[in-house]
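J.: Counting from 1 along the sequence shown, just add 17 to a position and that's the residue number in our numbering.
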Amino acid sequence: LGANADVKLLENVDTANGNISRPNFFSVVAEDGSGSLTATQINNISTEVDKVRAFSVGFAVSAPTVLYITNEVCVIYDEALTNLKEEADAAIIAVCTDYINTRKIGETVYYSEMIYRIMRLSASYPIIKAVKKVDINGEVDTDFIVSQPIQVVRLSGTVLLTSIITRFPGAV
Numbered sequence: 018l019g020a021n022a023d024v025k026l027l028e029n030v031d032t033a034n035g036n037i038s039r040p041n042f043f044s045v046v047a048e049d050g051s052g053s054l055t056a057t058q059i060n061n062i063s064t065e066v067d068k069v070r071a072f073s074v075g076f077a078v079s080a081p082t083v084l085y086i087t088n089e090v091c092v093i094y095d096e097a098l099t100n101l102k103e104e105a106d107a108a109i110i111a112v113c114t115d116y117i118n119t120r121k122i123g124e125t126v127y128y129s130e131m132i133y134r135i136m137r138l139s140a141s142y143p144i145i146k147a148v149k150k151v152d153i154n155g156e157v158d159t160d161f162i163v164s165q166p167i168q169v170v171r172l173s174g175t176v177l178l179t180s181i182i183t184r185f186p187g188a189v
């Protein structure tokens, strides 16, 4: 499946039939990093699983359900360093996009982690002084939890970045 692959096994759950409870059954939820699998990939995984599964145990293979989210970020920049704004904007958008689009199956997107990753950029881009807001799907500053272990989060569109440029005390 590749370097960004992820696989989850769910015991006694049939994901192919509405996540119903089903004894002597397991589901394989697989992801290649794109959020979807081809029929060929699903067939290949099924063939490999069938070689090692116990007799009389059923299974299903499926791709995760993609949960698309929107992301808006507002940062505070130092007016004295506006020559770094374009580069800082690009770096912030890249770090947020990467964080969201590399979540594994069933993982949570944390606001605090996104803020941490943005603020780590301030070592390379001292124009970045603070994160004013992180908004995911219209909700501000609470964890966004993927509610089902068969979902994978992906960014819908691009990160919307706004900035506030402020003069800081001691700036020239």
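Ideal Cβ positions, reconstructed from N, Cα and C, are used throughout, including at glycine.
What does Gln168 pair with, by DSSP beta-bridge criteria?
T.: As a working mapping, residue 168 is identified with position 151 in the sequence shown. BP columns for Gln168 point to Thr82.
J.: According to DSSP, simplified to helix, strand and coil, what is Ile109?
T.: Looking up residue 109 in the sequence shown gives position 92. Here Ile109 sits in helix by DSSP.
J.: According to DSSP, simplified to helix, strand and coil, what is Tyr133?
T.: If you number the sequence shown from 1, residue 133 lands on position 116. Residue state, collapsed to three classes: helix.
J.: With C-beta atoms as the reference, is Cys113 less than 8 Å away from Ile181?
T.: In the sequence shown, residue 113 corresponds to position 96, counting from 1. In the sequence shown, residue 181 corresponds to position 164, counting from 1. No, they are not a contact pair.
J.: Within its chain, find whatever has a CB closer than 6 Å to the CB of Glu156; leave out the 5 residues flanking it on each side and keep chain order.
T.: The residue given as residue 156 occupies position 139 in the sequence shown. So no residue of the chain qualifies.
J.: Would you please state the rounded distance, in angstroms, between the beta carbons of Glu130 and Tyr142? I believe it to be under 8 Å.
T.: By one-based count along the sequence shown, residue 130 stands at place 113. By one-based count along the sequence shown, residue 142 stands at place 125. No, Glu130 and Tyr142 are not in contact; Cβ-Cβ is about 19 Å, not under 8 Å.
J.: If I'm right that Ile86 touches Val126 with Cβ under 8 Å, what's the distance once you round it to whole angstroms?
T.: For this step, residue 86 is matched to residue 69 along the sequence shown. For this step, residue 126 is matched to residue 109 along the sequence shown. That belief holds up - the Cβ atoms of Ile86 and Val126 are roughly 7 Å apart, short of 8 Å.
J.: Starting from Asp31, trace the beta strand (DSSP E) in both directions and tell me its first and last residue.
T.: As a working mapping, residue 31 is identified with position 14 in the sequence shown. Note, Asp31: beta strand (DSSP E), 23–31.
J.: Which ranges would you report for the alpha helix (DSSP H) in the segment 35–70 if only whole runs of at least 4 residues count?
T.: Taking only runs of at least 4 residues, the alpha helix (DSSP H) segments lying wholly in the segment 35–70 are 56–69.
J.: Confirm, please, whether the CB-CB distance from Val151 to Ile132 is below 8 Å.
T.: Taking the sequence shown and counting its residues from 1, the one referred to as residue 132 is at position 115. Taking the sequence shown and counting its residues from 1, the one referred to as residue 151 is at position 134. Taking 8 Å as the Cβ cut-off, Ile132 and Val151 qualify as a contacting pair.
J.: Taking Cβ to Cβ, would you say Thr183 is nearer than 8 Å to Ile93?
T.: As a first step, residue 183 must be located in the sequence shown, where it is residue number 166. As a first step, residue 93 must be located in the sequence shown, where it is residue number 76. Yes, the pair counts as a contact, with Cβ atoms nearer than the cut-off.
J.: Who pairs with Asn88 in a beta bridge, going by DSSP?
T.: Here residue 88 refers to the residue found at position 71 when the sequence shown is read from its first residue. The partner list for Asn88 (beta bridge, DSSP) reads Ile153.
J.: Kindly list the residues whose CB is nearer than 7 Å to the CB of Asp31, restricted to its own chain and excluding five residues on each side of it in sequence; keep chain order.
T.: The residue given as residue 31 occupies position 14 in the sequence shown. Cβ neighbours of Asp31 beyond the five flanking positions: Ile37, Arg39, Phe42, Ser44, Ala77.
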